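Just so you know, the working numbering puts 2 at position 2 of the sequence shown, and the rest follows in order with no gaps.
Cβ atoms here follow ideal geometry from the backbone N, Cα and C, with glycine treated the same way.
From a predicted model like this one, the values you see are computed outputs, not experimental measurements.
The structure under discussion appears below in the form of C-alpha cells.
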Amino acid sequence: MMILAFPDYLSQAQRLAARLDAPLAEVVLHHFPDGESLIRLPPSLPEHVIVCRSLNQPNDKLIELLLCATTSRELGAKRLTLVAPYLSYMRQDIANQPGEAVSQRIVGKLLADWFDDVLTVDPHLHRISSLTQAIPIKNAISLTAADQIGIFLKQQFNHALLLGPDSESEQWVKAIAGNIGFAYAIADKNRLGDKQVEMSLPDRDFSSQPVVIIDDIASTGRTLAKAAGLLQAQGCQDIYAVVTHALFCDDAYAHILDAGVKTIWSTDSIDHPTSCIKLDALLADAIKAIT
Ligand code: R5P
C-alpha cells in the first residue's frame with residue numbers, strides 16, 4: 001500500500017500515512033501558463049494506492065484526479081482508493097429546471113470508473129440515502145465526523161445548546177448532541193440565492209447558555225451568519241460554530257465573524273486556520289476495515 005498525496009492535502013495525508021504505517025509520496029503538480037495541469041507520480045507503484053485529496057475547487061482537481069488515476073494504473077496500481085473527505089458536486093442531485101445537468105450522478109459515475117473505493121466524510125446527500133446511489137461501486141463509503149466533533153465540543157464546553165441551521169443539518173446535530181448529552185434545536189432555512197437565506201429559529205430560550213451552530217459546510221457563510229444574527233437578536237452573546245468542511249468562499253470567514261460568531265472550528269477535511277478537528281483516525285479505521 002502507498003499513499004499518494006496532492007500538495008493541498010499533504011499534512012492530513014501524512015497523519016493518515018502514519019496511522020496506517022504506509023509510505024507516502026507527494027504528487028508533483030505543475031500548472032502551465034494556460035492553466036493545463038501536469039502531474040508526476042513515483043515511477044513504480046505498489047498494488048494498492050490510496051489517493052488523497054479533498055475536492056473543494058473541484059473543476060481543476062477532477063482533471064488532475066483523472067490524470068492521477070489513469071497514470072497510477074499504468075504504473076502498476078491494481079487497486080485505487082480515493083480518500084476525498086470533501087466531495088464536490090453532491091448538491092445537484094436532480095434537474096431543478098429542464099435541461100440542467102444532474103452533476104451528482106455524472107461526477108459520481110466518473111469517480112466510480114476511476115476508483116475501486118471512495119471514502120468521504122459528511123457528504124451533502126439530500127434526496128439519496130446512500131453514497132452508492134451517487135457513486136455506483138460497492139465501497140462508496142460515507143463517514144461522519146460526528147464523533148470527532150462531539151469529542152472536541154465536550155473539551156470546549158461543560159454545556160452548550162447545539163443549533164442546526166436547517167433540516168438537513170439535523171442528522172449531524174442530533175448525532176453529536178446524543179453522543180455528548182447536549183441539547184439541540186433546529187432552525188428553518190429557505191435559500192433564496194447563493195448569498196441570500198431566510199431563516200427562523202424555533203421558539204425557545206437562546207439567551208442563557210452558549211450556542212454552537214453546527215453545519216456540514218460553510219461556503220458563502222451566509223447560513224452561519226444569518227443564524228448568528230438571529231441568535232443575537234434573541235439575546236445570545238456566546239455564539240460559536242463548527243463545520244465539517246471549511247470551504248469559506250471569498251469573504252465568508254470574515255462575514256461569519258462580523259455576524260457575531262466568536263470562534264469557528266472545522267475538521268481538517270480542508271486545510272484552513274480553523275481546521276483543528278483531525279480526521280486521520282476516522283479515515284484510517286475505515287481504510288483498515290476494507291483492506
Ligand atoms: C446546505 O444545505 C448546507 O447544509 C449548508 O447549510 C450550506 O451549503 C451552507 O452554505 P453557505 O455557507 O453558502 O450559506
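Shorter than 7 Å, the distance from the beta carbon of residue i to the closest heavy atom of the ligand R5P, or not?
i: residue 103; result: no
i: residue 165; result: yes
i: residue 252; result: yes
i: residue 83; result: no
i: residue 218; result: yes
i: residue 223; result: yes
i: residue 242; result: no
i: residue 198; result: no
i: residue 8; result: no
i: residue 170; result: no
i: residue 124; result: yes
i: residue 258; result: no
i: residue 34; result: no
i: residue 215; result: yes
Using 8 Å for Cβ pairs, my map puts residue i next to residue j. What's the rounded Cβ distance?
i: residue 179; j: residue 221; result: So it is not a contact: roughly 26 Å between Cβ atoms.
i: residue 74; j: residue 29; result: Not quite, the Cβ-Cβ distance comes to about 18 Å (not below 8 Å), so this is no contact.
i: residue 262; j: residue 238; result: 7 Å
i: residue 252; j: residue 165; result: Actually they do not touch by this definition, with Cβ atoms about 14 Å apart.
i: residue 24; j: residue 55; result: At roughly 19 Å, the Cβ-Cβ gap does not stay under 8 Å, so residue 24 and residue 55 are not in contact.
i: residue 135; j: residue 112; result: 5 Å
i: residue 177; j: residue 144; result: Wrong, their Cβ atoms sit about 14 Å apart, outside the cutoff.
i: residue 216; j: residue 245; result: 6 Å
i: residue 110; j: residue 123; result: Contact doesn't hold; Cβ gap of about 15 Å is too wide.
i: residue 214; j: residue 163; result: 7 Å
i: residue 201; j: residue 230; result: 5 Å
i: residue 219; j: residue 247; result: 5 Å
i: residue 50; j: residue 70; result: Rounded, the Cβ-Cβ distance is 16 Å, inconsistent with contact.
If I follow the unbroken beta strand (DSSP E) through residue i, where does it start and stop?
i: residue 83; result: 79 to 83
i: residue 122; result: Element bounds for residue 122: n/a, residue is neither H nor E.
i: residue 142; result: 139 to 143
i: residue 51; result: 48 to 52
i: residue 295; result: Any answer about residue 295 is impossible in this case: the structure gives the chain only from 1 up to 291.
i: residue 5; result: 2 to 5
i: residue 37; result: 37 to 40
Which stretch, first to last residue, makes up the alpha helix (DSSP H) that contains residue i?
i: residue 59; result: 58 to 74
i: residue 128; result: Residue 128 -> no alpha helix (DSSP H), and no H or E assigned at all.
i: residue 103; result: 103 to 114
i: residue 10; result: 10 to 20
**Prompt:** What are the complete alpha helix (DSSP H) segments, minimum 4 residues, inside the region 154 to 227?
**Reply:** 170 to 180, all fully within the region 154 to 227.
**Minimum length 4: unbroken alpha helix (DSSP H) runs contained in the region 214 to 290** = The region 214 to 290 contains these whole alpha helix (DSSP H) runs: 222 to 233, 252 to 258, 280 to 290.
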